[in-house]
Every structure is written in structure tokens, then in C-alpha cells.
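Peer 1: Take this structure, written in C-alpha cells, and hold onto it; I'll ask about it next.
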Amino acid sequence: MLVVISGLPGTGKSAVAEALAGPLGAVHLSIDAVEDALLGAGLPRSWTTGVAAYEAVRAAAEQNLRLGRTVIVDAVNDSEAARGTWRTAAERTGSLLLFVVLTLDDREEHRLRLEGRSRDLSHLPEPTWDEVERRAADFEPWTAEHLAISADAPVAGIADAVLLAVRRQAADAASPHPGGPELPQR
Numbered sequence: 205m206l207v208v209i210s211g212l213p214g215t216g217k218s219a220v221a222e223a224l225a226g227p228l229g230a231v232h233l234s235i236d237a238v239e240d241a242l243l244g245a246g247l248p249r250s251w252t253t254g255v256a257a258y259e260a261v262r263a264a265a266e267q268n269l270r271l272g273r274t275v276i277v278d279a280v281n282d283s284e285a286a287r288g289t290w291r292t293a294a295e296r297t298g299s300l301l302l303f304v305v306l307t308l309d310d311r312e313e314h315r316l317r318l319e320g321r322s323r324d325l326s327h328l329p330e331p332t333w334d335e336v337e338r339r340a341a342d343f344e345p346w347t348a349e350h351l352a353i354s355a356d357a358p359v360a361g362i363a364d365a366v367l368l369a370v371r372r373q374a375a376d377a378a379s380p381h382p383g384g385p386e387l388p389q390r
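Residues 205 to 390 (the numbering used here) make up the sequence shown, in order.
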């Protein structure tokens, strides 16, 4: 299964992804870590480098999905084009796909989280609050099925809700469908 944790910077995507990786025995891939590495290799900070990070993570996700691993990706995914990257990975590997969108309606809390975070990134600067607000204004609405969760809850509670959704989706996919062939149990 491919689980994609989405939302604006500062909503807790990486923390939730890390909290899920252990219980799921999953591979966690972060767009920011890959983009940071690309910048460290000398690529310029640009839209193209950001797209390259998405494509590099997609390729790594596909490799791991083909090996039967659950993959968790954390990325903003603010456009349909970005979200299509993960649909492509799921289709190419025959994997289940779950989009999770974290939102944080309390603007002051969101700003404080963003300004108070410290990540192990050497080349990718933290976005400013003004940049996050501009990104929020340009964020394309979600039209496809997704699990929307308020990031006001503690990380453990959010991870538990996502874990429940993952298990439900996996059980639904494994259960026999009326009138259809019986699926093998794993």
C-alpha cells in the first residue's frame, strides 16, 4: 500500500509519517529530504528541482512497492499534477493508495509550529509564514477520495486514525466481493 501524507508545511506530515512507519513496518520517503539532497548536489533551488524530488521519490516508492513493502510518502501535494505522481506509482505497481490530508485551521498555532520546527536539512530553507500563506491560497482543492484529518490532534492520535484507515482499506481489498471471484487470503 502507498500512503501519502499531504498538507501545508508545518502541519505535521513528517511526524505523522514517522509515527506510522514503525507499526506498519513501512518505508518512509520524504520529498523535503530528497530535495535537500538534490540541492546539496548542486542543483539550483527551482520548480524543476522540486519536480525532480517528486519523481525520485516516486521511483523509490515504486521499487519498494514492487518488493511488497508499504510506503509512506510525505509531501505537500498542493496540485493535481503532484497527486497524479502517486496515482501513477500505485497503478504501475498494482498497489492500494490512501491519501491523507492534514489541515490546521488555527492560523496562529500553524505559524508557531512552522516557526518553531527544526529539521535536519542542510540546503532546503524553512518556508516563511508568508510563503505558506501564498501556498495555501494556491492550493488546488482535493477532488479525489482522501482522508482529511485535523492536525490539532496529537501526532499519536492522528497516526492511530490513519492506521485504522490503512487496515480498513487493506481488509476491504482482501475481502470477497459479492458476485466476484473469491480473493486469496494472505
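For glycine and all other residues, C-beta sits at the position ideal for the given N, C-alpha and C.
Can you round the beta-carbon distance between VAL275 and HIS350 to whole angstroms, since I take them to be within the 8 Å contact cut?
Peer 2: Not really, about 17 Å apart at Cβ, beyond 8 Å.
Peer 1: In the DSSP assignment, find the unbroken beta strand (DSSP E) run with TRP278 in it and report its ends.
Peer 2: Checking the displayed sequence, the identity of residue 278 turns out to be Asp instead of Trp. It spans 275-278 - the beta strand (DSSP E) in which ASP278 sits, taken as one unbroken run.
Peer 1: Measure the C-alpha to C-alpha separation of PRO388 and GLU319 and round it to an integer number of angstroms.
Peer 2: Its pLDDT being 42, under 50, PRO388 is placed unreliably in this model, and the value from its coordinates should be taken loosely. Cα-Cα distance, rounded: 49 Å.
Peer 1: From the DSSP output, in three-state form, read off THR307 for me.
Peer 2: In this structure, THR307 counts as strand in the three-state DSSP scheme.
Peer 1: Short of 6 Å in beta carbon distance, which residues of its chain neighbour THR253, apart from the five on each side in sequence? Order them along the chain.
Peer 2: Excluding positions up to five away in sequence, the list reads LEU242 and LEU247.
Peer 1: Would you mind reading off the limits of the beta strand (DSSP E) that contains LEU233?
Peer 2: It spans 231-234 - the beta strand (DSSP E) in which LEU233 sits, taken as one unbroken run.
Peer 1: Note down, one range per segment and in chain order, each beta strand (DSSP E) of at least 3 residues found wholly within the stretch 224-271.
Peer 2: Correct list: 231-234.
Peer 1: Going by the DSSP bridge assignment, what does ILE209 pair with across the sheet?
Peer 2: Bridge partners of ILE209: ASP278 and VAL304.
Peer 1: Is the beta carbon of LEU302 less than 8 Å from the beta carbon of GLN373?
Peer 2: Yes. Within cutoff.
Peer 1: Look up ALA357 in the DSSP assignment and say whether it is helix, strand or coil.
Peer 2: Looking at ALA357 - three-state DSSP - the assignment turns out to be coil, as it is neither helix nor strand.
Peer 1: Could you tell me the boundaries of the alpha helix (DSSP H) in which GLU344 lies?
Peer 2: First-last for GLU344: undefined, no H or E at that position.
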